[in-house]
Amino acid sequence: DGGITQSPKYLFRKEGQNVTLSCEQNLNHDAMYWYRQDPGQGLRLIYYSQIVNDFQKGDIAEGYSVSREKKESFPLTVTSAQKNPTAFYLCASSADRERAEAFFGQGTRLTVV
Amino acid sequence: GQQLNQSPQSMFIQEGEDVSMNCTSSSIFNTWLWYKQDPGEGPVLLIALYKAGELTSNGRLTAQFGITRKDSFLNISASIPSDVGIYFCAGLTYNTDKLIFGTGTRLQVFP
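Protein chains in written order, with the numbering used here: chain A, 1 to 113; chain B, 1001 to 1111.
Laid out in structure tokens, this is it:
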């Protein structure tokens, strides 16, 4: 089945540790996105990539890093520099800029203690 | 960052009633998308709009791309309990590649 997969669903980390969230898609989509959602809030854009080996900062990129070495993969690293990392993280992909319908994974709930 | 304003923030309605919500921006958008999110899940795409004035339906849902290109509307007719959730608009502007989301409308349906 085609789709976008995030893993794991739940993640716990100690404060000060870096953690990497996985996002894989087999839809052959060019564009991929990472969003952060806090309780009762909307989605805020962290990073996005329109093509392999290229990505841009979103509105809240500080404390995060990404890579896009393969078309199907767009991992997000939450670094120790991120002041409030506990949140629900959502990955999405879309075919390209003209076909902008974005499809989401199930999300990863990160809790930092 | 760029923001989309959604209203109302929340709605409490009775089963069978119709629902309307909207999304506005100070910028011009060339694509409007509407999503529904259930608790703890990723948003699911409901309707995509690409042309100013476009009116598109998906079952009991109807969405419109405003003619000013700065707003969009979503209507749900004859609401049912499974319509409960958070509805988000999203837009793509002409001069960026960023897909921006609205603040969401939380819908509660009572039997």
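Heads up, the beta-carbon is just placed ideally off N, CA and C, and yes, glycines get one too.
Can you list the residues of chain B that residue i reaches, using a CB-CB cut of under 7 Å?
i        : result
A:Glu101 : Leu1033, Leu1045, Ala1048
A:Leu11  : Chain B residues near A:Leu11: none, gap ~14 Å exceeds 7 Å.
Residue i touches chain A at which residues, Cβ-Cβ below 7 Å?
i         : result
B:Phe1029 : Simply none; closest approach about 10 Å.
B:Gly1066 : Neighbours of B:Gly1066 on chain A: none; closest Cβ ~17 Å, over 7 Å.
B:Gly1085 : Residues of chain A passing the Cβ test: none, with the nearest at roughly 13 Å.
B:Glu1054 : By Cβ distance, chain A contributes nothing, its closest Cβ being about 14 Å from B:Glu1054, past 7 Å.
B:Gly1042 : Leu90, Phe104, Gly105, Gln106, Gly107
Under 8 Å by Cβ, that's how I've got residue i and residue j pegged, so tell me the actual separation to the nearest angstrom.
i         : j         : result
B:Asn1030 : B:Phe1073 : No, B:Asn1030 and B:Phe1073 are not in contact; Cβ-Cβ is about 17 Å, not under 8 Å.
A:Ala92   : A:Tyr33   : 4 Å
A:Arg68   : A:Val78   : No, A:Arg68 and A:Val78 are not in contact; Cβ-Cβ is about 17 Å, not under 8 Å.
A:Leu43   : B:Phe1101 : 4 Å
Three-state secondary structure (DSSP) at residue i?
i         : result
B:Ser1026 : coil
B:Ser1010 : strand
A:Asp30   : coil
A:Asp96   : coil
A:Ser49   : strand
B:Gln1079 : Looking at the sequence itself, residue 1079 of chain B is Ser, so the reference to Gln does not match. Residue state, collapsed to three classes: coil.
A:Val78   : strand
A:Thr86   : coil
B:Val1019 : strand
Which chain B residues are close to residue i, counting only those with a beta carbon under 8 Å from its beta carbon?
i       : result
A:Arg97 : Leu1092, Asp1097
Which chain A residues sit within Cβ distance under 9 Å of residue i?
i         : result
B:Thr1103 : Gln41, Gly42
B:Phe1088 : Gly42, Leu43
Which bits of chain B does residue i rub up against, with CB to CB less than 9 Å?
i       : result
A:Leu27 : Within 9 Å Cβ-Cβ: nothing; A:Leu27 doesn't reach chain B, min ~13 Å.
A:Tyr48 : Asp1097, Lys1098, Leu1099
The ligand ADP heavy atoms versus the CB of residue i: any closer than 8 Å?
i       : result
A:Tyr33 : Absence of the ligand ADP from the depicted structure is noted, as is the absence of any ligand whatsoever, leaving it without description.
Any 3 or more C-beta pairs closer than 8 Å across the segment 1079-1093 of chain B and the segment 1031-1040 of chain B:
Output reads yes: the segment 1031-1040 of chain B touches the segment 1079-1093 of chain B.
Can you give me, in chain order, the residues of the segment 31-43 of chain A that have a beta carbon less than 9 Å from any beta carbon in chain B?
Cβ proximity to chain B below 9 Å picks out Ala31, Tyr33, Tyr35, Gln37, Gly40, Gln41, Gly42, Leu43 from the segment 31-43 of chain A.
Measuring CB atoms only, is the segment 64-73 of chain A touching the segment 1002-1010 of chain B, in the sense that at least three cross pairs come out at less than 8 Å?
With a cut-off of 8 Å, the segment 1002-1010 of chain B and the segment 64-73 of chain A do not count as touching, because too few Cβ pairs lie within range.
With three or more C-beta pairs closer than 8 Å as the rule, is the segment 1056-1070 of chain B touching the segment 14-28 of chain A?
Proximity of the segment 14-28 of chain A to the segment 1056-1070 of chain B falls short of the contact definition, fewer than three beta-carbon pairs being nearer than 8 Å.
Evaluate contact between the segment 1100-1111 of chain B and the segment 1008-1026 of chain B, counting only Cβ atoms and requiring at least three cross-stretch pairs below 8 Å.
Segments in contact, yes.
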